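Numbering (mature numbering (1 follows the signal peptide of the UniProt record, and there is no 0)), first residue to last: -22 to -1, 1 to 233.
As structure tokens, this is what we get:
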């Protein structure tokens, strides 16, 4: 009888672990199902230039990282210079944006289904750090573009993106009056502007020093915890920075 009674709590612990762990695997350290992504993240011997911070654990290959730096790359045949030559100080942000998208294994909490022929998944509403968004806008505000949403609506008749017929090239500061407009609208809300700062553990950084580790690992864990704990999107459930990692142990201890 005693043995039978003791099996109950053990069974509850196992069931709790099975319920929590698969969800964790689906949100953390994964690559999205898209055009150039690896099936799972892992180390790369070398990644090119601005993509190098992800070389220890990446969803991109060395070739993808190299193509990300070209004005007319083979990744998507996308031309940054559709309204004249993009200044280097502006282009570096688009390169970094591409590196984050292609290489990061820490975007799992924001992976969503895509309605396109060339990828099954995309990112949606990734909380971008305030500095990353505002510096992007500041360095690009004087450049020109003919479109607000760069995901769709281009003229592809020549095999690369050109401005739609009748559209005008205007300064970024007119097309995107505020940093929030740039970060949220340019890629169909792939990013979400936040007031959170780099190092807060609450926002994704496009730019970071790899010698200090990848700060987005903790951010992904926090939002994965939040997504599991409040599936309805409750915003007042804010744990301590390391609490997200300890949800399962606490549950097991209670049982």
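Virtual Cβ for every residue (Gly too), placed ideally from N, Cα, C. Quick caveat: nothing in here was measured; it's all calculated off a predicted structure.
Residue 133 - partner residues in DSSP beta bridges: DSSP output for residue 133 lists 140 as bridge partner(s).
Which class does residue 80 belong to by DSSP, given the choice of helix, strand or coil? Correct three-state label for residue 80: helix.
Mind the definition here: the segment 72 to 80 touches the segment 139 to 157 only if three or more C-beta pairs lie below 8 angstroms; say whether that holds. With a cut-off of 8 angstroms on Cβ pairs, the segment 72 to 80 is not in contact with the segment 139 to 157, counting fewer than three such pairs.
For residue 198, count the other beta carbons within 10 Å of its own beta carbon; 16 or more makes it buried, fewer makes it exposed. Which is it? Result: buried.
Taking all protein chains shown into account, do 16 or more other C-beta atoms lie within 10 angstroms of the C-beta of residue 201, making it buried, or fewer, making it exposed? Burial is judged here by how many other beta carbons sit within 10 angstroms of a residue's own beta carbon; residue 201 has at least 16 and is buried.
Under the assumption that residue 36 contacts residue 19 (Cβ atoms under 8 angstroms), give the Cβ distance between them as a whole number of angstroms. About 6 angstroms separates the two Cβ atoms, so the contact holds.
Inter-stretch contact (C-beta, 8 angstroms, three-pair minimum) for the segment 107 to 123 and the segment 160 to 173: By the Cβ criterion, the segment 107 to 123 is in contact with the segment 160 to 173, since at least three pairs of Cβ atoms, one from each stretch, lie closer than 8 angstroms.
Give me the Cα-Cα distance between residue 164 and residue 100, rounded to the nearest whole angstrom. For residue 164 and residue 100, the distance between alpha carbons rounds to 14 angstroms.
Residues that residue 50 bridges to, as DSSP identifies them: Looking at the DSSP assignment, residue 50 forms a beta bridge with 57.
Helix, strand or coil: how does DSSP classify residue 19 here? Judged by DSSP in its simplified three-state form, residue 19 adopts coil rather than helix or strand.
Give the secondary structure of residue -6 by DSSP, where H, G and I count as helix, E and B as strand, and everything else as coil. Here residue -6 scores only 45 on pLDDT, less than 50, and its place in the model is too uncertain to base an answer on.
How many angstroms separate the CA atom of residue 155 from the CA atom of residue 139? About 23 angstroms.
Are there 16 or more other CB atoms within 10 angstroms of the CB of residue -1, so buried, or fewer, so exposed? Annotation note: pLDDT 46 at residue -1 (below 50); position unreliable, coordinate value reported separately. Exposed, since its Cβ has fewer than 16 Cβ neighbours within 10 Å.
Within the same chain, show all residues whose beta-carbon is closer than 7 angstroms to that of residue 68, passing over the 5 residues directly before and after it, in chain order. Within the same chain, residue 68 has close Cβ partners 117, 118 and 121.
By DSSP, does residue 6 sit in helix, in strand, or in coil? Three-state result, residue 6: coil.
Going by C-alpha to C-alpha distance, which of 64, 12, 7 and 54 sits closest to residue 147? Of the listed residues, the one whose Cα sits closest to residue 147 is 64.
8 angstroms Cβ shell around residue 16 - same chain, five flanking residues per side excluded: Correct list, in chain order: 9, 36, 37, 38 and 39.
Which residue wins for smallest C-alpha separation from residue 56, given the options 85, 134 and 86? For residue 56, the closest alpha carbon among the candidates 85, 134 and 86 is that of 134.
Buried versus exposed call for residue 86 [16 or more other C-beta atoms within 10 Å across all chains shown]: Flag for residue 86 reads buried.
Coil, strand or helix - residue 123 by DSSP: Residue 123: strand per DSSP, three-state reduction.
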